[in-house]
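Following: one structure in structure tokens, then a few remarks.
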Amino acid sequence: MSIRDRTAIVGVGLSRLAFAAEATPLALAAEAFKAALADAGLTKDAVDGLAINIGWPLGVDYDRFAETLGLQIRFVEQSWTHGRFAGPTLQAAAMAIHTGLATCVACLCGVSFTRERQLLGGPGDFEGTREEGGTHQENPVYGMTAPAAGAALAAQRYFALYGATSRDLAAVPIAFRKHALLNPGALMKKPLSLEEHQRSRWIVEPLHLFDCCLVTDGAACVLLTSAERARDRRKPPVLIAGMQGLRAGREDVLFGRPGLGLWQQRTFRWTPADDDLLVYRMAGLTPRDVGALYTYDAFSPLVWFVLERFGFCGPGEAAKWTQGGRIELGGELPMNTSGGLLSEAHVSGWNSIVELVRQLRGEAGPRQVPDLQVAQWATAWGDSLIFRR
1039 MSIRDRTAIV
1049 GVGLSRLAFA
1059 AEATPLALAA
1069 EAFKAALADA
1079 GLTKDAVDGL
1089 AINIGWPLGV
1099 DYDRFAETLG
1109 LQIRFVEQSW
1119 THGRFAGPTL
1129 QAAAMAIHTG
1139 LATCVACLCG
1149 VSFTRERQLL
1159 GGPGDFEGTR
1169 EEGGTHQENP
1179 VYGMTAPAAG
1189 AALAAQRYFA
1199 LYGATSRDLA
1209 AVPIAFRKHA
1219 LLNPGALMKK
1229 PLSLEEHQRS
1239 RWIVEPLHLF
1249 DCCLVTDGAA
1259 CVLLTSAERA
1269 RDRRKPPVLI
1279 AGMQGLRAGR
1289 EDVLFGRPGL
1299 GLWQQRTFRW
1309 TPADDDLLVY
1319 RMAGLTPRDV
1329 GALYTYDAFS
1339 PLVWFVLERF
1349 GFCGPGEAAK
1359 WTQGGRIELG
1369 GELPMNTSGG
1379 LLSEAHVSGW
1389 NSIVELVRQL
1399 RGEAGPRQVP
1409 DLQVAQWATA
1419 WGDSLIFRR
């Protein structure tokens, strides 16, 4: 049974965004939830499902949230404490609605990265001591104890294979900073030049400071229901046209794409197979139909990997493909038009989902993509959803 256009987003909300919020993750999550209800014209009694991305200790758990907000919930999904699960969380919510497990699911992420900074690398990163290795391809045995280390190793490998440079990579954070300057809610308020990017300190070579996401606090909420119920809501529904799941295995690493020869990967000229592009077949669309692309930009090279992974350009071509304003507003494929994790805030990608919805509704003001009909969420680790008006 096809799920195409059977479910829809009817409300979105963001909390205040801050480098160090006084509010707790629970308070921020409640703020975003109430904003999403108001956006949809719903009361809390309409919500009977919770899909939480990032629980304790960085975020809020489903049971405490339901109790605090006085919700009566009959479907719950809560993911591992990592931001890579924005797409799978939305997918689980859509499938719950489609199968009748819930009628309206609140997808929620309320997170304080600043309060728990010590968990993101270093001696306090207890997940980094897993038997199989760290959670972001890092390996504490070799002193790689932070997410940036895995992304840097992948970037260095890509540079070596294809002749790309840090100056090429700078096109990504520069583009997203331009978008943030058009977003009143974005935390980064100053333009970023190529020279400033190159002068900024190394975090893990070849990644400069501005190649790495912000460390912030905030929350976002996305309300899903059936397409039929969505027709009666306050604002035009944003339909989920297609989806595909997150990939894992020896040929799939978190910060890279197949074929790069990272960790246990083989080195070969990889191009996406039919199964890697399931999201387009499900939606009845192609990459050429996508008017704006949104991704988890924790680190600049992830943008290159997602472009190659989903067939927007060939292997090794993303470095040149992103030059000349191609991913900026007014370019061929605008990406992360709110500023993303690099320049708006780090709400584990959910701020970009909120932006995507507002873009499809025509609510993005000076950063609006003209006549946007189709937008895509896709990540370097292979999951994706396509949304349409």
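Numbering-wise, our numbering puts 1158 at position 120 of the sequence shown, and it's gapless, one number per residue. Idealized CB from N, CA, C, for every residue including glycine. Values in this document were obtained by computation on a predicted structure and should not be read as measured data.
| field | Segment contact, 8 Å Cβ cut-off, at least three pairs: the segment 1122-1129 with the segment 1078-1091 | value | yes
| field | For Q1116: DSSP bridge partner residues | value | I1090
| task | Please go through the same chain and pick out, in chain order, the residues whose beta-carbon is closer than 6 Å to the beta-carbon of Y1334, but skip the five residues on each side of it. | result | G1387, T1417
| field | Proximal residues to R1112 (C-beta, below 6 Å), its chain only, five neighbours per side dropped | value | D1086
| Buried or exposed: R1272, going by 16 or more other Cβ atoms within 10 Å of its Cβ? | exposed
| request: State the Cα-Cα distance for the pair H1384 and A1186, rounded to the nearest angstrom. | output: 15 Å
| said: Using 8 Å as the threshold, is the C-beta distance between L1316 and Q1282 below it? | reply: yes
| Cβ pair count under 8 Å reaching 3, the segment 1353-1368 against the segment 1238-1245 | no
| task | Can you grab the Cα-Cα spacing for the pair R1427 / D1270, in whole Å? | result | 15 Å
| request: Round the Cβ separation of R1044 and A1265 to the nearest angstrom and send it over; I've been treating them as touching at under 8 Å. | output: 6 Å
| field | Helix, strand or coil at Y1318 [DSSP, three-state] | value | helix
| query | Which word fits T1183, buried or exposed, when buried means at least 16 other C-beta atoms lie within 10 angstroms of its C-beta? | reply | buried
| said: What ranges does the beta strand (DSSP E) occupy inside the segment 1253-1320, keeping only unbroken runs of at least 3 residues that lie completely in it? | reply: 1255-1264, 1276-1282
| task | Go ahead and pull the three-state DSSP assignment for Q1397. | result | helix
| field | For I1424: DSSP bridge partner residues | value | G1280, Q1414
| query | From I1047 to L1394, what distance separates their C-alpha atoms? | reply | 11 Å
| query | Counting pairs of beta carbons, one from the segment 1402-1420 and one from the segment 1055-1072, are three or more of them closer than 8 Å? | reply | no
| request: Mind checking which residues open and close the beta strand (DSSP E) that includes I1047? | output: 1045-1052
| Coarse secondary structure for H1246, derived from DSSP in three states | strand
| query | CB P1339 to CB A1192, shorter than 8 Å? | reply | yes
| task | Can you have a look at Q1414 and say buried or exposed, based on whether 16 or more other CB atoms are within 10 angstroms of its CB? | result | buried
| Going straight from the alpha carbon of A1104 to that of M1320, what length do you get? | 34 Å
| Do A1258 and V1392 have their C-beta atoms within less than 8 Å of each other? | yes
| Could you give the residue range of the beta strand (DSSP E) that holds W1385? | As written in the sequence, residue 1385 is Val, which differs from the Trp given in the question. First-last for V1385: undefined, no H or E at that position.
| query | Where does P1296 land, buried or exposed, given buried means 16+ other C-beta within 10 angstroms? | reply | buried
| Between G1420 and R1215, is the Cβ-Cβ spacing less than 8 Å? | no
| Backbone secondary structure at V1341 - three-state DSSP | helix
| message | Output needed for D1290: all residues of its chain with C-beta closer than 7 Å, excluding positions within five of it in sequence on either side, in chain order. | response | P1296, W1419, G1420
| message | Just verifying my parser: in three-state terms, what is the DSSP assignment at L1107? | response | helix
| Residue of K1228, A1279, A1189, W1308 minimising C-alpha distance to T1324 | A1279
| request: For A1074, I'd like the list of residues in its chain whose CB is within less than 8 Å of its CB, leaving aside the five on either flank, ordered along the chain. | output: G1049, V1050, G1051, A1144, C1259, V1260, L1261
| message | Restricting to Cα atoms, I'd like to know which of I1212, L1220, P1244 is closest to S1204. | response | P1244
| From F1425, I1041, G1354, residue whose alpha carbon lies closest to that of T1309 | G1354
| Got a sec, what are the start and stop residues for the alpha helix (DSSP H) V1210 sits in? | 1209-1218
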